[in-house]
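Visitor: Chains as they are written, first to last, in full-length UniProt numbering: chain C, 1 to 332; chain D, 1 to 642.
The structure that follows is given in the form of structure tokens.
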Amino acid sequence: MLTYLARRLFVMIPTLFMISVLVFVIIQLPPGDFLTTYLNELQAQGEAVDPAKIEFLKRQYGLDQPIYIQYAEWAWGLLQGDLGFSFEYNLPVSDVVGDRLWLSLVLNFSTIIFIYIVSFPIGIYSATRQYSWGDYGFTLLGFLGLAMPNFLFALILLYYANVVFGTSIGGLMDPEYINQGWSLAKMMSVVEHLWAPVVVIGTSGTAAMIRRLRANLLDELGKQYVVTAHAKGLSPTKVLFKYPLRMALNPFIADIGNILPQVVSGSVLVSVVMSLPTTGPMLLTALQSQDMYLAGSFLMFLALLTVVGMFVSDVLLAWLDPRIRLQGGVGN
Amino acid sequence: MTDILRIKDLKVEFVLPHMRVKAVENVSFRIGAQETVALVGESGSGKSTISQAIMGLLPKVAQVTKGSIIFADPKKPGTRVDIAMLDRSGSDMRAIRGGRISMIFQEPMSSLSPLHTIGDQICEAVKLHRKVGSAEARELAVEMLTLVGFPQPKRSLKTYPFELSGGLRQRAMIAMALVCRPALLIADEPTTALDVTIQAQILRLIKEVQAELQMSVLLITHDLGVVANMADRMVVIYDGRVVEAGKTDDVFINPGHTYTRSLLAAVPHFDMGPDERLRPLREIKPKTGSLLASAGDGDTQQNTSDVPVTLALHPTMASEPVLAVRHLSKSFTTRKGNWIKSEERLIPAVSDVSLTVNRGECVGLVGESGCGKTTLSKLIMRAMSPDEGSILFRGESGQMTELTGLDEDQLNPYRKRIQFVFQDPFGSLNPRMTVQDIITEPMLIHGVGDSNYRQKMVLELMDLVGLDPRFLNRYPHSFSGGQRQRIGIARALSLKPDLLIFDEPTSALDVSVQAQILNLLKDLQRDLNLTYLFISHNLAVVDYVADRIAVMCAGRIVESAPREVLFKNPMHPYTQALLHAVPFADLDHLLDFDKIMDGKASDPSRWPAPFTINQTSEPKMMQVAEDHFVRAERADFTEIAI
């Protein structure tokens with residue numbers, strides 16, 4: 001098991017390297033760079049541009065270097081924890097991103113936990129009472145949740161919160177805490193505001209998860225070992241939790257790696273609509289203005305989440321399922 | 001009266017929103033103390049529904065609408081419980097289920113949870129029904145695992161089901177069912193999924209623990225051979241009703257009901273005369289048309305039904321070889337280790353196999369699962385390439401051609417000369433093609449005839465396998481297993497092949513349907529002078545259809561002989577073990593449980609001296625009599641010259 005862990009960790013290094021190359025290449029793909037975009041903008045406003053100044057800026061930003069050197073510098077910086085310099089904000093990326101990274105993490109983890117907490121009981125209920133009124137009801141709600149775009153749901157929620165309750169549920173904290181240092185009161189404010197985006201972002205994920213859990217569990221419920229467990233004289237609840245549910249969990253654990261980036265990218269639109277101070281909207285503008293180090297940092301952050309998520313799910317699977325642990329080449 | 005269980009007038013219905021379907025009706029029988037009762041019937045007869053009713057495990061839509069199931073627990077004398085009245089998941093029912101009445105199932109592979117250790121699953125059963133601590137539960141589990149013959153009971157507590165062989169899994173299942181020492185054990189087809197030698201061991205085990213624990217057994221099976229060897233009394237179920245019940249001896253010697261009689265007549269047994277035929281419930285009369293009569297052409301013999309029986313029985317003398325396999329070997333590689341240092345291991349699947357099939361002959365290939373018989377058939381079909389050896393096949397030119405070196409294009413003309421009939425009649429027909437398309441497809445692929453010819457051929461083939469030509473536009477799902485297998489046979493015959501390979505063609509079918517198919521195959525062979533290679537694990541079936549039999553074990557053919565010789569004078573210890581292990585539906589040939597070897601039978605390194613195969617000795621096939629070969633190392637046998 002230990003060698004498996006070590007091997008699995010080791011594999012992550014070349015994976016991340018490949019991703020970083022890809023990310024860099026993709027950001028460089030559109031013609032021009034941040035400076036040309038910037039110059040165009042200036043010229044459009046009728047300002048004269050001094051060629052010497054352009055040369056100076058180019059040298060300062062390192063844009064005159066060949067691509068591979070730019071990449072090497074960026075990657076070397078990343079390794080040391082230096083995320084580079086944002087052209088647009090004229091600040092180091094880490095200062096620009098600031099709390100956004102952590103707020104995004106908090107928001108997305110809360111969403112995932114919300115999805116799991118809501119979908120598990122409902123999924124189990126739907127599977128064990130297949131074709132009952134309750135099952136049909138949840139199925140209908142689930143399809144609604146799947147069919148409705150998240151941002152639309154966000155707009156509806158914003159509107160009614162304002163009209164009916166007279167409150168604004170946008171943002172992740174009360175306005176007075178923005179750009180303030182962290183305090184208990186600020187944290188409480190974040191917690192108060194968190195529920196709305198969590199529900200909005202979580203609905204479609206929850207609906208999908210309920211459908212999948214229901215289908216998985218229904219498959220498992222018909223299996224022979226469940227009959228064996230009943231034949232032992234176990235109570236129905238115990239049978240359900242010890243045997244089929246345990247088996248039905250595998251796909252969910254295998255999903256952890258996917259669900260993280262899915263939730264992160266799914267929340268971009270909602271974040272724009274609800275003006276959440278998360279990474280999503282900033283990534284969008286950074287990509288538009290070719291602010292390459294800022295965009296690159298975000299994309300690497302997403303990649304890291306995916307790779308780590310995959311690692312966690314692999315380790316959990318090996319730990320939970322003896323078939324993977326003992327037969328899947330984990331043990332040697 | 002010391003009956004433990006009395007079922008009276010039982011009626012179980014499946015209640016669906018728009019209708020009620022009767023599963024069983026008017027079922028009454030009893031099970032005495034320490035008695036073994038067999039519930040016999042074919043698939044769909046309702047025998048499993050009865051067992052589920054006794055266990056309170058009926059599916060949600062099924063209801064006991066009439067009758068009673070009275071359980072008198074010998075541990076609590078005087079009490080009687082009507083199981084049919086109990087709440088299925090209530091605590092009273094749960095105390096009986098698993099505690100006083102236990103059940104073992106057909107599929108040892110899937111009836112244990114793969115995520116929990118054997119020990120966990122057995123101890124759980126103990127703790128449910130007895131007030132014991134964890135340590136004590138473990139002790140009881142070890143005791144029970146020892147009783148069912150686990151080699152290392154203490155260590156096996158920590159093993160997972162997928163780490164065990166099929167036989168050991170079924171033993172673990174039995175241990176789990178018996179650990180609470182129930183009064184009644186229900187065994188639902190406990191050995192159907194197992195090989196014959198393992199089946200014999202498990203049957204012996206059930207008998208032993210039954211005596212040890214003094215319990216009754218309700219044995220549910222379709223195999224009359226198992227019934228003859230195990231049951232004191234038998235109950236025959238047909239279409240949800242009891243058609244006959246009585247002492248096993250009486251029923252076997254003097255079956256009262258027509259259904260029982262036909263069931264007994266449909267089972268192949270050993271001392272059938274050369275002309276004796278199985279009698280299925282419904283016989284198929286193959287009708288040969290003009291196109292097919294010339295099957296196996298290139299041969300001057302125009303054999304039709306007027307061929308004398310004696311000649312058909314000994315075609316070896318009259319005929320030339322169609323297929324000659326010489327010293328064929330095939331290994332599979334498995335990779336073990338990580339991607340830095342990997343270690344490849346060769347697992348031999350087929351080694352040094354030589355086999356000859358003559359025109360007009362049926363050669364039977366017998367062996368247990370995993371012995372390499374299917375791999376061998378794939379090698380002959382050239383679905384895989386052998387590592388070593390040669391495959392000679394007589395093609396259209398009449399010359400023996402070496403198939404091993406040929407590439408895909410060169411193989412093409414030979415592909416239509418060898419056809420295959422598969423084991424699973426459900427999986428081997430494309431559900432989206434009509435019967436017409438299915439039977440025409442091989443002809444289309446090989447560009448045989450024009451559309452007129454193909455149409456005529458399809459009609460003739462349908463006639464041949466006894467299917468109504470009106471069925472041609474139907475899809476496979478509307479046919480029964482036996483009918484589908486006949487469609488598969490028609491498809492294989494559409495190219496008029498020189499060699500037909502059957503891979504367990506009847507193992508998925510009920511006995512009466514099996515008899516029907518076997519008779520059809522025999523008739524077709526006689527009428528069309530066909531050549532068969534018949535692969536099966538069932539010795540009795542092979543005995544019925546084959547002229548010569550080759551016994552295969554661990555990738556090697558260990559003995560081959562004409563069928564009468566093989567059964568009269570088996571030389572190889574493995575052949576002997578196989579013959580000892582087959583349960584026959586014949587009270588005069590009961591299993592001799594003392595002669596059953598415990599797992600040694602199929603391990604070549606544990607065969608006695610002249611037959612042993614290990615690193616130091618690799619015996620070759622020796623001729624012991626005309627046409628009788630045994631793999632052994634003996635100076636007084638002469639090696640066959642090939």
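Virtual Cβ for every residue (Gly too), placed ideally from N, Cα, C.
Everything numeric in this text was worked out from a predicted model, so none of it was measured.
Comparing alpha-carbon positions, which option in D/Ala183, D/Phe422 and D/Glu35 lies nearest D/Lys76?
Guide: Per the Cα distances, D/Ala183.
Visitor: Would you list, in sequence order, the uninterrupted beta strand (DSSP E) runs of no fewer than 3 residues that lie entirely inside the stretch 174 to 256 of chain D?
Guide: Here the runs fully enclosed are 184 to 188, 216 to 221, 233 to 238 and 241 to 247.
Visitor: Between the Cα of D/Leu328 and the Cα atoms of D/Ser290, D/Arg382 and D/Glu368, which residue gives the shortest distance?
Guide: If we check each option's Cα against that of D/Leu328, D/Arg382 comes out closest.
Visitor: Give me the Cα-Cα distance between D/Ala581 and D/Met622, rounded to the nearest whole angstrom.
Guide: Roughly 25 Å separates the two Cα atoms.
Visitor: Measuring CA to CA, which of D/Leu406, D/Glu244, D/Gln210 and D/Asp275 is closest to D/Ser390?
Guide: Answer by Cα proximity: D/Leu406.
Visitor: Would D/Pro619 and D/Pro610 qualify as a contact pair, given that the criterion is a beta-carbon distance under 9 Å?
Guide: Yes, Cβ-Cβ distance for D/Pro619 and D/Pro610 is below 9 Å.
Visitor: Can you tell me which of the three DSSP states C/Leu194 falls into?
Guide: It is helical.
Visitor: Quick check: what's the CA-CA separation for D/Asp250 versus D/Lys8?
Guide: Approximately 22 Å, taken between the alpha carbons.
Visitor: For C/Lys58, I'd like the list of residues in its chain whose CB is within less than 7 Å of its CB, leaving aside the five on either flank, ordered along the chain.
Guide: Cβ neighbours of C/Lys58 beyond the five flanking positions: Leu35 and Asp64.
Visitor: For the stretch 85 to 99 of chain D, which residues have a beta carbon sitting closer than 7 Å to at least one beta carbon of chain C?
Guide: Against chain C - using a Cβ distance shorter than 7 Å - the residues of the stretch 85 to 99 of chain D are Ser89, Arg94, Ala95, Arg97, Gly98 and Gly99.
Visitor: Any beta carbon of chain D sitting closer than 9 Å to that of C/Arg214?
Guide: Taking Cβ atoms only, chain D never reaches closer than 9 Å to C/Arg214, which makes this a no.
Visitor: Would D/Glu107 pass as an interface residue toward chain C - the criterion being a Cβ-Cβ separation below 9 Å?
Guide: Interface residue, yes.
Visitor: Assign D/Met234 to one of two classes, buried (16 or more other C-beta atoms within 10 Å of its C-beta) or exposed (fewer than that).
Guide: D/Met234 is buried by the Cβ-count criterion.
Visitor: Return helix, strand or coil for D/Gln302, following the three-state DSSP convention.
Guide: With a pLDDT of only 38 at D/Gln302, under the threshold of 50, the placement of this residue in the model should not be trusted; the figure read from the coordinates follows. Coil.
Visitor: Return the CA-CA distance between C/Val268 and C/Asp33, expressed in angstroms with no decimal places.
Guide: About 24 Å.
Visitor: Using the Cα positions of C/Val163 and C/Leu157, report the straight-line distance between them to the nearest angstrom.
Guide: The straight-line gap from Cα to Cα measures roughly 10 Å.
Visitor: What residue from D/Glu564, D/Asp409, D/Arg155 and D/Leu467 has the CA that sits closest to D/Glu283's CA?
Guide: The candidate whose alpha carbon is nearest that of D/Glu283 is D/Leu467.
Visitor: Excluding the 5 residues preceding and the 5 following D/Asp92 in the sequence, name in chain order all residues of the same chain whose CB lies nearer than 6 Å to its CB.
Guide: Excluding sequence neighbours, D/Asp92 sits near Leu86.
Visitor: Starting from the C-beta of D/Tyr475, find all residues in its chain whose C-beta is less than 8 Å away, skip the five residues before and the five after it, and write them out in chain order.
Guide: Closer than 8 Å at Cβ, skipping near neighbours: Pro431, Arg432, Met433, Thr434 and Val435.
Visitor: Can you list, in chain order, the residues of the stretch 208 to 238 of chain C whose Cβ is nearer than 8 Å to any Cβ on chain D?
Guide: The stretch 208 to 238 of chain C vs chain D, Cβ under 8 Å: Lys223, Gln224, Tyr225, Val227, Thr228, Ala229, His230, Ala231, Lys232, Gly233, Leu234, Ser235 and Pro236.
Visitor: Nearest chain C C-beta to D/Asn115 closer than 9 Å, yes or no?
Guide: The sequence given here has Leu at residue 115 of chain D, not Asn. So, interface residue.
Visitor: Would a check of beta-carbon distances place C/Lys242 closer than 9 Å to chain D?
Guide: Answer yes: the Cβ-Cβ gap between C/Lys242 and chain D drops below 9 Å somewhere.
Visitor: Under 7 Å Cβ to Cβ from D/Lys330, same chain only, skipping five residues before and after it: list those, please.
Guide: Closer than 7 Å at the Cβ level, and outside the excluded window around D/Lys330, lie Ala349, Val350, Thr375, Leu379, Met384, Pro386 and Asp387.
Visitor: Threshold first: 4 residues or longer. Then list the alpha helix (DSSP H) segments lying entirely within the stretch 50 to 84 of chain C, N to C.
Guide: Counting only runs of 4 or more, we get 51 to 61 and 67 to 79.
Visitor: Below 9 Å between beta carbons: does that hold for residue 643 of chain D and D/Leu578?
Guide: No statement about residue 643 of chain D is possible, as the shown extent of chain D runs from 1 to 642 and does not include it.
Visitor: By the criterion of Cβ-Cβ separation under 7 Å, what are the contact partners of C/Pro322 in chain D?
Guide: Here the neighbours are Leu115 and Tyr160.
Visitor: Just checking my contact of D/Ile70 with D/Ile54 at CB under 8 Å: how many whole Å lie between their CB atoms?
Guide: Actually they do not touch by this definition, with Cβ atoms about 11 Å apart.
Visitor: Given a threshold of 16 other Cβ atoms within 10 Å of its Cβ, counted over all protein chains shown, does C/Tyr38 qualify as buried or as exposed?
Guide: It counts as buried.
Visitor: Identify which residue in D/Ala177, D/Gly44, D/Gln525 and D/Gln63 has its Cα closest to the Cα of D/Tyr238.
Guide: Nearest of D/Ala177, D/Gly44, D/Gln525 and D/Gln63 to D/Tyr238, Cα basis: D/Gly44.
Visitor: Report yes if the C-beta distance between D/Leu5 and D/Ser216 is below 9 Å; otherwise report no.
Guide: In contact: D/Leu5 and D/Ser216 (Cβ atoms closer than 9 Å).
Visitor: Should D/Gln106 be labelled buried (16 or more other beta-carbon atoms within 10 Å of its own) or exposed?
Guide: Buried: at least 16 other Cβ atoms inside 10 Å.
Visitor: Quick check: is the beta carbon of C/Arg100 nearer than 9 Å to any beta carbon in chain D?
Guide: No, because no Cβ of chain D sits closer than 9 Å to the Cβ of C/Arg100.
Visitor: Give every residue of the same chain whose Cβ lies closer than 8 Å to the Cβ of D/Phe567, excluding the five residues on either side of it in the sequence, and list them in chain order.
Guide: Closer than 8 Å at Cβ, skipping near neighbours: Phe270, Asp543 and Leu579.
Visitor: Between C/Ala48, C/Ala207 and C/Lys186, which lies nearest to C/Phe114 when the distance is taken from Cα to Cα?
Guide: The residue with the shortest Cα to Cα distance from C/Phe114 is C/Ala207.
Visitor: Residues of chain D with CB under 9 Å from C/Arg246, in chain order?
Guide: Near C/Arg246 (Cβ distances below 9 Å), the residues of chain D are Ser113, Leu115 and His116.
Visitor: Taking residue 665 of chain D as the reference, which of D/Ala187, D/Met144, D/Ala266 and D/Met173 has the closest Cα?
Guide: The shown model of chain D, from 1 to 642, leaves out residue 665 of chain D, and the question about it has no answer.
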